[in-house]
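A.B. asks: Take a look at the following structure, please.
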Amino acid sequence: MSSLENPLEAYFRNNDDRLIHKWIHYFDIYHRHFERFRGKKPVVLEFGVSQGGSLQMWRDYFGRGAKIHGVDINPKCKELEQRNTKIFIGDQEDREFLRSIVEEIGPVDVLIEDGGHLGPQQIATYEEIYPTMSEDGVFLIEDLHTSYWPKWGGGYRKPGTFMQYAKGLTDKLNAWHSKQPRRLQVDDFTRTTKSMHFYDSIVVFERGSVVKPHAEKTGKATVNDPQWKRPGRLAGLRGRLAGLRGRLSRG
Numbered sequence: 559m560s561s562l563e564n565p566l567e568a569y570f571r572n573n574d575d576r577l578i579h580k581w582i583h584y585f586d587i588y589h590r591h592f593e594r595f596r597g598k599k600p601v602v603l604e605f606g607v608s609q610g611g612s613l614q615m616w617r618d619y620f621g622r623g624a625k626i627h628g629v630d631i632n633p634k635c636k637e638l639e640q641r642n643t644k645i646f647i648g649d650q651e652d653r654e655f656l657r658s659i660v661e662e663i664g665p666v667d668v669l670i671e672d673g674g675h676l677g678p679q680q681i682a683t684y685e686e687i688y689p690t691m692s693e694d695g696v697f698l699i700e701d702l703h704t705s706y707w708p709k710w711g712g713g714y715r716k717p718g719t720f721m722q723y724a725k726g727l728t729d730k731l732n733a734w735h736s737k738q739p740r741r742l743q744v745d746d747f748t749r750t751t752k753s754m755h756f757y758d759s760i761v762v763f764e765r766g767s768v769v770k771p772h773a774e775k776t777g778k779a780t781v782n783d784p785q786w787k788r789p790g791r792l793a794g795l796r797g798r799l800a801g802l803r804g805r806l807s808r809g
């Protein structure tokens, strides 16, 4: 999508107001997941106010009826408040502070997490706010390259980073199919998350009411080949060997 077709990138390219600092590939991702909220008066919450430019961008994108909120740890950001744009000052790792925001503004439709960029901050924000969002809300967390940067507490497959945390949630997304209930079972995340989307430096969660998936058949069977339905001893052995190789490679 060109910048002329993407209203967010077009705004960014023509911006002469408050500073906006974004990775360019983010704009297509934003528009893909946020477009359905335009003109519908969504409740928007962005972590990381900085210079306030992105709050202005969201106001322009979602429309005058949108309720825009920002969160930052820098008290000076409070000066950037405008009509229908409220800014909260606090530490996003403080779970009581996060809960107080939800109590004040109610269910959030669109959340953009661009705050402190440290794993504990990102995880706390997700755990406290995601379950309280509107039924069809979208939670987008960006700049996850910090999950791989040692100076930011990151590293390849390092526990405690949000990227590693999110990988574990993919199992919960598929928990309907678990045959090991003691290790993986359906929970609130499974029932309220329609999809997860992984991009370069971004993970998006799309909420929605989910019921147990089922398969159906239509048409006429013309090939007698039932073997594919049964994994068989050979397939089972291959699976065990693959698991063993994986454990050995992780050393």
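Number 693 in my numbering belongs to position 135 of the sequence shown; there are no gaps in the numbering. Note that beta-carbon positions come from the ideal geometry of N, C-alpha and C, so glycine has one too.
1) Please state if the CB of Ile681 and the CB of Phe720 are separated by a distance shorter than 8 Å.
2) Roughly how many angstroms lie between the CA atoms of Glu637 and Val607, to the nearest whole one?
3) Taking the runs of the beta strand (DSSP E) that are 3 residues or longer, which of them lie wholly in the segment 559-639?
4) Out of Leu676, Thr776 and Glu604, which one is the CA nearest neighbour of Gly713?
5) Once DSSP output is grouped into helix, strand and coil, what is the label at Lys752?
6) Go ahead and label Gln738 buried or exposed: buried means 16 or more other beta carbons lie within 10 angstroms of its beta carbon, across all protein chains shown.
7) Measure the CB-CB distance between Gly642 and Ile626 and report whether it falls below 8 Å.
8) Quick check on the DSSP output: the alpha helix (DSSP H) that includes Glu661 runs from which residue to which?
9) In the DSSP assignment, find the beta strand (DSSP E) that holds Thr643 and state where it starts and stops.
10) When burial is assigned at 16 or more other CB atoms within 10 Å of the CB, is Val781 buried or exposed?
11) Give the single residue among Met615, Lys598, His591 and His589 whose Cα lies nearest to the Cα of Asp574.
12) For Glu700, which three-state DSSP category applies?
C.D. replies: Short version:
1) yes
2) 11 Å
3) 601-605 and 625-630
4) Nearest option by C-alpha distance: Leu676.
5) strand
6) Exposed, because fewer than 16 other Cβ atoms sit within 10 Å of the Cβ of Gln738.
7) Here residue 642 is Asn; the residue named in the question, Gly, does not match the sequence. Contact flag set, yes.
8) Segment Arg653 to Ile663, the alpha helix (DSSP H) holding Glu661.
9) Run containing Thr643: Thr643 to Ile647, per the beta strand (DSSP E) assignment.
10) Counting of Cβ neighbours within 10 angstroms places Val781 among the exposed residues, the total staying below 16.
11) Met615
12) In the structure shown, the three-state DSSP call for Glu700 is coil.
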